[in-house]
């Protein structure tokens, strides 16, 4: 006899409710999702389900009638579906619908909102640790602007005036780009809206942000990207994951060393690795690094929530996170996600 | 005292200033400001290059004042300052950094640097700091 009998459930409805249920229940070991159905073939949960390898059907009756189903969760919001369920479900199958499914939906929603808030807090706190790099990158062009403007006050040569004015404009644009990158990074994600995320672009964007954590010229960056690695996730969250792992890597190397960014697509799996040649993590700490509030950084330098958020976000997007590390040689953080691009 | 400055091909009148900063734009502005004020300017993009420049066979004594950034690749400003204070204790040092750090400023001023300036700095302030450095240099020459 199976000691931990699985709850085998089917989901009716591929809208926000269906998506949230897939996100919440999809990685619980005690739950097996046998299938999801929606009349609308473009319903958002259906593409997510396909990415997760969950059966997608438009024949609701067939799904309801499955004998191995323990539970039917109806999040269609369609009052006529109740009669269809009653008519076709097998005797032992329970139904969660109406107010009960609304209650579940509320709990899921609340949980997701709390999590989003936690991720956001972690992200904003981490921006504080970039302040020195950001100040450096803004004050340098500001100094150029000030110096050239001072000179322009009494510069009479027309060619030089034009040149220096152009330099000022270039410096202003550089500052604007920094602000743009930062506000993009600081943007809060919505609790539920996942979309297709192309990870090479996200890795590159994360690298721009992570550069604020160090003096970039001492780092050698190796990029080994697969063609078009796409997963279903929230872009803001994936950016946060990569920024976290890259800044950790850069800090572990004290700004000097090789940072390798790798993406691979194989058999419907997208794999991303972020590898450094830094100080490494001692074996006894490896189990603790994902615990909330575990940190080896000085007060004010780390929140202790970075890797915890990373792991939570990866798992929430149906990914697996693993780490290997050798003290004195470096660490490798590897993630695997179901691919969202057709193979 | 200025006779060795001519070795760099310049005919500086006010003195010779070495600027150490990884940003070409920053070096450009400092050069512009100081050359207008009559100084001769030498550039290095990081601490390592600065040390190389000085040990390049030229007599380090021609250097009157050094302006250095803090956050730089290879040898950073703090390391460079330690090195220069040990090797050339008579060359006055000015820090010009993009990041105001009170703790660092205090510790560097205690170590004897002339001034800790934060970018963006007005030309007048920079020139005043360099002039102060030149004064200290003069005292050493006496």
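Residue numbers (my numbering), protein chains in the order written: chain A, 1 to 343; chain B, 1001 to 1142. Backbone N, C-alpha and C fix where the C-beta goes; we use that ideal spot for every residue, glycine too. These numbers were taken from a predicted model, which means no experiment stands behind them.
Query - residue 1081 of chain B versus B:1105, B:1062 and B:1033, residue with shortest Cα-Cα distance - result: B:1105
Report task. Taking only beta carbons into account, state which residues of the stretch 1025-1038 of chain B come closer than 9 angstroms to chain A, listed in chain order. Result -> Result list: 1025, 1026, 1028, 1029, 1030, 1032, 1033 and 1036.
Requested in this report: Please name the residue in A:337, A:20 and A:205 whose C-alpha comes closest to that of residue 236 of chain A.
Outcome: A:205
Query raised in the report: Is the beta carbon of residue 60 of chain A sitting closer than 8 angstroms to the one on residue 87 of chain A?
Result: no
Query - Simplified DSSP assignment, three categories, for residue 344 of chain A - result: Outside the shown range of chain A (1 to 343) lies residue 344 of chain A, about which nothing can therefore be said.
Query raised in the report: Using 8 angstroms as the limit for Cβ to Cβ distance, is residue 331 of chain A near chain B?
Result: no
**Report entry** 7 angstroms Cβ shell around residue 280 of chain A - same chain, five flanking residues per side excluded
**Finding:** 325, 326, 327, 328, 329, 330 and 331
Requested in this report: Please list the partners that residue 254 of chain A has in chain B, where partner means a Cβ-to-Cβ separation under 7 angstroms.
Outcome: Those within 7 angstroms of residue 254 of chain A in chain B number zero; the least Cβ separation is about 11 angstroms.
Requested in this report: With a floor of 4 residues, list each alpha helix (DSSP H) that falls wholly inside the stretch 22-84 of chain A, ordered by position along the chain.
Outcome: 44-51 and 60-64
Query raised in the report: Going by Cα to Cα distance, which pick from A:74, A:211 and A:162 is closest to residue 149 of chain A?
Result: A:162
Query raised in the report: What residue range is occupied by the uninterrupted beta strand (DSSP E) comprising residue 1095 of chain B?
Result: Looking at the DSSP string, the run of the beta strand (DSSP E) that includes residue 1095 of chain B is 1093-1097.
**Report entry** Separation of residue 90 of chain A from residue 66 of chain A, as counted between CA atoms
**Finding:** 7 angstroms
Requested in this report: Excluding the 5 residues preceding and the 5 following residue 82 of chain A in the sequence, name in chain order all residues of the same chain whose CB lies nearer than 7 angstroms to its CB.
Outcome: The residues are 97.
Query raised in the report: Exposed or buried, which one is residue 1093 of chain B when buried takes at least 16 other CB atoms within 10 Å?
Result: buried
Report task. Give the C-beta separation of residue 175 of chain A and residue 214 of chain A to the nearest angstrom, bearing in mind that I take them to be a contact with Cβ-Cβ under 8 angstroms. Result -> 20 angstroms between Cβ atoms; not a contact.
**Report entry** Cutoff 8 angstroms: residue 1125 of chain B Cβ touching any chain A Cβ
**Finding:** no
Query raised in the report: At least one CB of chain B closer than 8 angstroms to the CB of residue 25 of chain A: is that the case?
Result: no
Report task. Report yes if the C-beta of residue 101 of chain A is less than 7 angstroms from at least one heavy atom of the ligand HEM; otherwise report no. Result -> As for the ligand HEM, it is missing from this structure, which has no ligand bound.
Report task. Confirm, please, whether the CB-CB distance from residue 338 of chain A to residue 257 of chain A is below 8 angstroms. Result -> Contact flag unset, no.
Report task. May I ask which residues mark the beginning and end of the alpha helix (DSSP H) holding residue 115 of chain A? Result -> 98-128
**Report entry** Same chain, Cβ closer than 6 angstroms to residue 100 of chain A, five either side skipped, listed in chain order
**Finding:** Contacts found: none.
Query raised in the report: Straight-line CA distance for residue 10 of chain A to residue 137 of chain A?
Result: 53 angstroms
Query raised in the report: Do the CB positions of residue 1126 of chain B and residue 1116 of chain B come within less than 8 angstroms of each other?
Result: no
**Report entry** Buried versus exposed, by CB contacts within 10 Å (16 or more), residue 266 of chain A
**Finding:** exposed
Report task. Could you tell me which of A:333, A:105, A:311 and A:306 sits nearest to residue 126 of chain A, measuring between CA atoms? Result -> A:306
Query raised in the report: Which value, in whole angstroms, describes the spacing of the CA atoms of residue 158 of chain A and residue 334 of chain A?
Result: 56 angstroms
Query raised in the report: Grouping DSSP H, G and I as helix and E and B as strand, with all else coil, what is residue 329 of chain A?
Result: Coil at residue 329 of chain A, not helix or strand.
**Report entry** Euclidean distance between Cα positions of residue 234 of chain A and residue 316 of chain A
**Finding:** 10 angstroms
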